[in-house]
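Just below is one structure, and these are the notes that go with it.
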């Protein structure tokens, strides 16, 4: 193995289709119009020396190292800022150019430390490379003059010198090594869109400055790592590189955090990760990253990780470490015992949206074929199950319609109930880039999110009351229909016309107008009308949505309403448009595709269908149950009722992530065998009898499927610290239960998936290695996958309009619970925080806070930072308040990243009508001042502490 | 939502509410189909038992849908 070298072309690729031919150093080169001479030369294999240019940002032309000579032109222009033209004759090397470059380098080096041997960037420094490239052999000016290098000059304090900024936990800023090329500043602006960095001062005083001369940590910096990647010197360097040294080989893999699915190079030294660097050829992220994927992988070797299997008879007992075989037989005996006592349907399992497709597939196979029932579900139940239902009934597929590249062609982006800047940061950066080019943004969210507040972005914000999505989206449809903005040609061609007419008549009723619904939704009718007009007439309109849409009693209805809107305006079936769910977890799309839902086999085919079921029966050599199994909330109900007593949970913390914690505790406590398969003793493990240690994404082979249906490889870069990859653990458990599954590598599992699933028919590890990734459907009709769906017609045939009546949730405010609580995420933490809380990311977010509007706070005598008691009909908890007008009066907001906050003690049993996806986003609450943790929090904490005890190892037998 | 039956009645009525605006003739088969596709046998058995006991609390469309579904369904015995 060796390092994967990515060519830096110096300036970004031109998208022009007009080709231009010129001569560079005697070679004829043909490149797209708009390409720089620097890039054209690199295309021809000639690297022009450069420092301030890199292809992740636009050309800047400040270092003057890339000068070239062009026949017939005066002077020596910078090749990065000079575009190609037909017939140009360019020379990249001449006596004069050599002198000029040497002179430039000599000046740079005269104000740069010469500690190369002990420098963190030694071996990976462009300044060093360029000094070599131009043949710099001496610095005639000496080093004693005015400089930024030494703390003291001639015995005096050197005011120009600045100490290192070590405030960011992951990288250092060493101003003494800075050459002020401003690549970091431009990366922050152009790639990330944060504008956190600037160059302060002029001339010799120019310095890279986070914010107004703040520390990196104290500034608006979001620690995405783009500046570190852009830096050509040791000025911005990963602390891990400084500590370990330069990597010696690298492997391309896929991030295990959110549904964007960024491709990374894991840069390694032996089996130790030195750093994770976003991969330029990654089609989801195009070389960008966020703080989580780039830096927050330290959890994989955190001290709290459990590496040995453990068992116990009762949850009150301490854990006992045992061998894998002992754990498997213990678990198998318990599960089979339960089936014997309570019936075949009394056990089930939950697949993980964090594990690979192959692992998920195996868990559902174990349940359907080995357990002999369909009691399999996945955490998508509690996030995007309404997406699956809503898009499948309207369009015919349970997935988003576009690839992320599509955003580059979008003219109007509508974001509903999602906060990509926090939860899908790399997509947000790509969107913001498009917005800065002039695309319009509409945000429908109760809260003024980070998207709304992004620099250089003007959003049309519709701050609705939580729970009124259907009313708002239907009102948008009302405006589109009544103002004649429907794309009739599209609807007539692609959709069922009579269903459309019925729908149009429904939404046109005056009671659905923005004016009539404003009293419910709180949205200004004028703004709503403007938003509808902009979406319908502003060019390519794309809708992106998140859990603020799905996690409601009417989650599925809102998804349907969104699909109606896209069909009515013809915003489907080409780049730049579409309906795009932003998926929460890395493989939530994949876990749904792999048959994790109780009613569906892989590929979204109902278990009752005889033909499909028989295919699986033939391949698996078992008889399958044709009746759908229990969904997660139904499992809890059945457990309390006494008919569901055993559960295998892979990579999921249902106790922390599912609503109404007390109900979940009651359900888990009622079960006789809970098997938790995870990296850590998570909250669910407090109620478990068997703990099977998991392996991290760095320790196994497999695939993840991101929100754009893109299947990407996960590649093993180190041996599983727990001894077995997760797919091997499932096979071991299955075997102990008498169900053999024989695979020697995950690629064989993918081959089986491809053989059984038409949309995956063309997928294989060989193809993924060849193409990098593919988006399903990938089969005979689309051998290289499908970036945009429904191009010539909908998958289901005609697009189906369905009436969406607004029905208020039964979770109502009243005198006892006058405020509405809604929940969300922040950038540095991920989901329930099991991973990110075990990294340095806690410096950004050490606890969950309750956002409350100043009016509501004052009314209750709450000051910023005070402990408050948060009470709902389901329970109460305490946390500290943050007073802000990001939320409207009447609405409060919190995140759920920390188990001690127990935000889900508050959330209720209400759920989506179609899928039972819990209504996390609306809970009626009351707030009152408090002195500290509630009794529940204290007793929970005590139980957790007791439950996590591990008995000292007994002497070897 | 206290007893298990109450919860199922609530869920069935919620499904009924979605289909209500499509009119009786589409709503009844829509509700029946939804429950057929997504409810596990023990949930179906429980709601059918409630139906046999008079079906108190079920909306008219839902009652009708469940009656037709029950006739068309042969559930395996509880294992």
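Chains as they are written, first to last, in the working numbering: chain A, 1 to 957; chain B, 1001 to 1079. By construction, the Cβ of each residue, glycine as well, lies at the ideal position given by its N, Cα and C atoms. Quantities reported herein were computed from a predicted structural model and do not represent experimental measurements.
What residues from chain A crowd round residue i, counting only those whose CB sits closer than 8 Å?
i                      : result
residue 1071 (chain B) : By Cβ distance, chain A contributes nothing, its closest Cβ being about 17 Å from residue 1071 (chain B), past 8 Å.
CA-CA distance, residue i and residue j?
i                      : j                      : result
residue 124 (chain A)  : residue 355 (chain A)  : 34 Å
residue 676 (chain A)  : residue 649 (chain A)  : 5 Å
residue 633 (chain A)  : residue 514 (chain A)  : 35 Å
residue 718 (chain A)  : residue 292 (chain A)  : 20 Å
residue 33 (chain A)   : residue 212 (chain A)  : 39 Å
residue 944 (chain A)  : residue 686 (chain A)  : 6 Å
residue 754 (chain A)  : residue 760 (chain A)  : 5 Å
residue 190 (chain A)  : residue 196 (chain A)  : 11 Å
residue 782 (chain A)  : residue 412 (chain A)  : 29 Å
residue 51 (chain A)   : residue 429 (chain A)  : 25 Å
residue 806 (chain A)  : residue 827 (chain A)  : 32 Å
residue 779 (chain A)  : residue 764 (chain A)  : 11 Å
residue 167 (chain A)  : residue 228 (chain A)  : 14 Å
residue 958 (chain A)  : residue 11 (chain A)   : In the structure as shown, chain A begins at 1 and stops at 957. Residue 958 (chain A) is therefore absent and cannot be evaluated.
residue 441 (chain A)  : residue 256 (chain A)  : 29 Å
residue 433 (chain A)  : residue 551 (chain A)  : 29 Å
residue 231 (chain A)  : residue 644 (chain A)  : 57 Å
residue 130 (chain A)  : residue 891 (chain A)  : 57 Å
residue 1046 (chain B) : residue 918 (chain A)  : 22 Å
residue 335 (chain A)  : residue 1048 (chain B) : 29 Å
residue 99 (chain A)   : residue 67 (chain A)   : 11 Å
Which bits of chain B does residue i rub up against, with CB to CB less than 7 Å?
i                     : result
residue 503 (chain A) : Going along chain B, no residue has its Cβ under 7 Å from residue 503 (chain A), so there is no contact; the nearest lies around 10 Å.
Does the beta carbon of residue i come closer than 7 Å to any beta carbon on chain B?
i                     : result
residue 297 (chain A) : no
residue 672 (chain A) : no
residue 628 (chain A) : yes
Label residue i either buried or exposed according to how many other C-beta atoms from any shown protein chain fall within 10 Å of its C-beta, with 16 as the threshold for buried.
i                      : result
residue 19 (chain A)   : exposed
residue 750 (chain A)  : buried
residue 13 (chain A)   : exposed
residue 1071 (chain B) : exposed
residue 1017 (chain B) : buried
residue 742 (chain A)  : exposed
residue 1034 (chain B) : buried
residue 85 (chain A)   : exposed
residue 712 (chain A)  : buried
residue 310 (chain A)  : buried
residue 118 (chain A)  : exposed
Since residue i meets chain B, which of its residues come closer than 8 Å, beta carbon to beta carbon?
i                     : result
residue 497 (chain A) : Simply none; closest approach about 17 Å.
Please list, in chain order, the chain B residues whose beta carbon lies closer than 9 Å to that of residue i.
i                     : result
residue 914 (chain A) : 1014, 1015, 1018, 1034 and 1038
Can you pull the chain A residues whose beta carbon is under 7 Å from the beta carbon of residue i, in chain order?
i                      : result
residue 1007 (chain B) : 637
What residues from chain A crowd round residue i, counting only those whose CB sits closer than 9 Å?
i                      : result
residue 1060 (chain B) : Within chain A, no residue comes near residue 1060 (chain B); the closest Cβ sits about 17 Å away, beyond 9 Å.
Quick check: is the beta carbon of residue i nearer than 7 Å to any beta carbon in chain A?
i                      : result
residue 1029 (chain B) : no
residue 1063 (chain B) : no
Under 8 Å (Cβ pairs) to chain B, residues found in the segment 596–620 of chain A: 598, 599, 606 and 608
Scan the segment 1009–1026 of chain B for residues whose Cβ lies nearer than 8 Å to a Cβ of chain A and list them as they occur along the chain. 1011, 1014, 1015, 1017, 1018, 1020, 1021 and 1022
Compile a chain-ordered list of the residues in the segment 631–662 of chain A whose CB is closer than 7 Å to at least one CB of chain B. 634, 637, 638, 641 and 643
Using a Cβ cut-off of 7 Å, which residues of the segment 797–820 of chain A contact any Cβ in chain B, in chain order? 803, 805 and 807
Using a Cβ-Cβ cutoff of 9 Å, what residues of the segment 541–557 of chain A are near chain B? List them in chain order. 553, 554, 556 and 557
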